[in-house]
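Below you'll find the structure, written out as structure tokens, and then a few comments.
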Amino acid sequence: MKNADDLTAAVYDNFLKFPETRRFFLEADGEIDEVRLTRRKHSLSRWLRGSIDFKIDDDYPIRVLATGIVHSHPPSHRAHLGSIPSRFMVASMSFIQTALADVLRDELEDQDLAMRASIAWNKMLMLQLDILLAGYVSETPTEAVPINDEKGPKNPFGEGFHRGSGTGADR
Ligand code: HEM
């Protein structure tokens, strides 16, 4: 689909426009790594086409999570660059949402349909963003310790809550 290629090209033009994002696509000598750039364009375009074709099966969230992890945990060949900041993932998704809304508005005669399609796309892309960002979150869960401070509440979830009783909301 031509729109998917145009959209991918627009996302990459935007990456290359700003030094903060451009640096992830440069070789050690500061030149654009064309081979890798083409490969990455294909990856983004594949992801976009997968979303357009709605090839969403049980493995889909795992693939999206793996993609998030590739961005948050740099592989050894670009370890020196660190993580791709999560705000750029958010910004990219926003860029893609805007570009898709433009395509739908321009290509669909029925503007109400274009609006509804755009809303649906926004929701689906937000779900994907949530999974991509799960690759960034590093929570360290610990066991709850009872609070016995006279001054504060004894239980952060309310008096009726006991360990193993779910949320306590039904008590
Ligand atoms: C909506 C946001 C984004 C999506 C959906 C996305 C998608 C992808 C996908 C599917 C791959 C291939 C992953 C793999 O090989 O398993 C990839 C790789 C890559 N992306 Fe993104 N990307 C996004 C944002 C960004 C941003 C903001 C940057 C940098 C500014 C970036 C830089 C890269 C790089 C450097 C690679 C190659 C990873 C490697 O070193 O192997 N991406 N991206």
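Counting in the working numbering, the sequence shown runs from 164 upward without gaps. Think of the CB as a built atom: it goes at the ideal place given N, C-alpha and C, for glycine as much as any other residue.
C-alpha gap between residue i and residue j, whole angstroms
i, j, result
"residue 203", "residue 292", "18 angstroms"
"residue 277", "residue 168", "20 angstroms"
"residue 267", "residue 274", "8 angstroms"
"residue 173", "residue 265", "13 angstroms"
"residue 179", "residue 193", "12 angstroms"
"residue 216", "residue 197", "28 angstroms"
"residue 181", "residue 191", "18 angstroms"
"residue 253", "residue 290", "12 angstroms"
"residue 195", "residue 310", "56 angstroms"
"residue 210", "residue 302", "27 angstroms"
Collapsed DSSP secondary structure at residue i in the structure displayed
i, result
"residue 195", "strand"
"residue 263", "helix"
"residue 189", "strand"
"residue 219", "coil"
"residue 237", "coil"
"residue 271", "coil"
"residue 253", "helix"
"residue 208", "helix"
"residue 352", "It is not possible to answer for residue 352, since the shown part of the chain is limited to 164 through 334."
"residue 358", "Here the chain has residues from 164 to 334 only, and residue 358 is not among them."
Distance cut-off 7 angstroms: residue i Cβ against heavy atoms of ligand 3
i, result
"residue 170", "Ligands in the displayed structure: ligand 1; ligand 3 is not one of them."
Residue i - containing alpha helix (DSSP H), residue span
i, result
"residue 307", "Segment: none, residue 307 is in no alpha helix (DSSP H) and carries neither H nor E."
"residue 242", "That residue, residue 242, is in no alpha helix (DSSP H); it is neither H nor E in DSSP."
"residue 171", "165-180"
CA nearest to the CA of residue i, picked from the options
i, options, result
"residue 189", "262, 207 and 241", "241"
"residue 206", "251, 233 and 193", "233"
"residue 255", "175, 165 and 166", "175"
"residue 248", "171, 185 and 170", "185"
"residue 183", "219, 226 and 246", "246"
"residue 300", "250, 279, 309 and 306", "250"
Sub-8 angstroms separation of residue i and residue j beta-carbons
i, j, result
"residue 298", "residue 214", "no"
"residue 261", "residue 208", "no"
"residue 231", "residue 296", "yes"
"residue 228", "residue 187", "no"
"residue 258", "residue 166", "no"
"residue 294", "residue 238", "no"
"residue 271", "residue 284", "no"
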